[in-house]
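Numbering (the numbering used here), first residue to last: 371 to 593. Ideal Cβ placement from N, Cα and C applies to all residues, glycine included.
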Ligand SMILES: N[C@@H](CCC(=O)N[C@@H](CS)C(=O)NCC(=O)O)C(=O)O
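Quick look at the structure:
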């Protein structure tokens, strides 16, 4: 808690954002483990265009969620947020230099391929009106490539870097609990990803994104 009794971290987020979920879940598990609420959500009305407003661009020039606010600072990019939280809170960070390089390797893979393709595919499938089937098919193929890579890495490991959860797990887990909206059956098609999602679910404080961040369900569209 801050001196004013507010949680130390304010996370700009909304329920449908897997990128925000990465930080929200890390903060929530640490809140439960430490017996004090470390973070509070600040709802961003993405579906009504808030991230495109000049006011929001003044908060984050990239116009994206998540943003983490603490001690008068603001950070964006989930990978930077996770890495900063790990250093500040002394949890889920890499244990040595070799693991630091490995963590960065997986964070870059996640941001370039795993989350980015999965998030785009899920957005088109779950939220876009009349998505082009050829575009959907293109993104599904890219997703399948990325999902196969992670499935292979997870064979014989509870978590991505080994037997302990790290920021890499929170990063890669941004969208995996939206499996119904993605239309993927982890247990049947990617069994090691399925086993890993069970390990993440078992972390004390785990919640589904829709139960952790504000804004679900979306209001029904008029007309
Ligand atoms: N690489 C960024 C991706 C962030 C991102 O794409 N956020 C989405 C919500 S999940 C967003 O705010 N999109 C708004 C936009 O692109 O206009 C991160 O890891 O934080």
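- What does a CB cutoff of less than 6 Å around residue 543 pick up in its chain, not counting 5 residues either side in sequence? Taking the first residue of the chain shown as position 1, residue 543 is located at position 173. If we look at residue 543 and ignore the five residues flanking it on each side, its Cβ neighbours are 570.
- Item | DSSP-derived helix/strand/coil call for residue 476 | What you label residue 476 is simply residue 106 of the chain shown in a count that begins at 1. It is helical.
- Task: Give me the Cα-Cα distance between residue 417 and residue 538, rounded to the nearest whole angstrom.
- Result: Looking up residue 417 in the chain shown gives position 47. Looking up residue 538 in the chain shown gives position 168. Going by the C-alpha atoms only, they are around 28 Å apart.
- When burial is assigned at 16 or more other CB atoms within 10 Å of the CB, is residue 492 buried or exposed? Along the chain shown, read from residue 1 onward, the residue named residue 492 stands at position 122. Classification of residue 492: buried, given that the 10 Å Cβ count is 16 or more.
- Item | Same chain, Cβ closer than 7 Å to residue 593, neighbours up to 5 away in sequence not counted | As a position in the chain shown, residue 593 is number 223, starting the count at 1. With a pLDDT of 41 at residue 593, under the threshold of 50, the predicted position of this residue should be treated as unreliable, and no value is reported.
- Query: Buried or exposed: residue 399, going by 16 or more other Cβ atoms within 10 Å of its Cβ?
  - Reply: Stepping through the chain shown from its first residue, residue 399 is reached at position 29. Residue 399 should be labelled buried.
- Task: Only counting runs of 4 or more residues, tell me where the alpha helix (DSSP H) segments fall wholly within the segment 508-542, in order along the chain.
- Result: Runs of the alpha helix (DSSP H) lying entirely within the segment 508-542 and spanning at least 4 residues, in chain order: 537-542.
- Buried versus exposed call for residue 586 [16 or more other C-beta atoms within 10 Å across all chains shown]: For the purposes of this step, residue 586 is taken as residue 216 along the chain shown, with counting starting at 1. Answer is exposed; the Cβ neighbour count stays below 16.
- Query: For residue 386, does the three-state DSSP call read helix, strand or coil?
  - Reply: Working through the chain shown from its first residue, we reach residue 386 at position 16. It is coil, neither helix nor strand.
- Query: What's the gap between the Cα of residue 413 and the Cα of residue 382?
  - Reply: By 1-based counting over the chain shown, the position of residue 413 is 43. By 1-based counting over the chain shown, the position of residue 382 is 12. One C-alpha to the other measures close to 6 Å.
- Near residue 469, which residues of its chain fall below 7 Å by C-beta distance, leaving aside the five closest residues on each side in sequence? Reading the chain shown from its first residue, position 99 is the one you call residue 469. Here the set comprises 531.
- Query: Using DSSP with H/G/I as helix, E/B as strand and the rest coil, what is residue 572?
  - Reply: Taking the chain shown and counting its residues from 1, one reaches residue 572 at position 202. Residue 572: coil per DSSP, three-state reduction.
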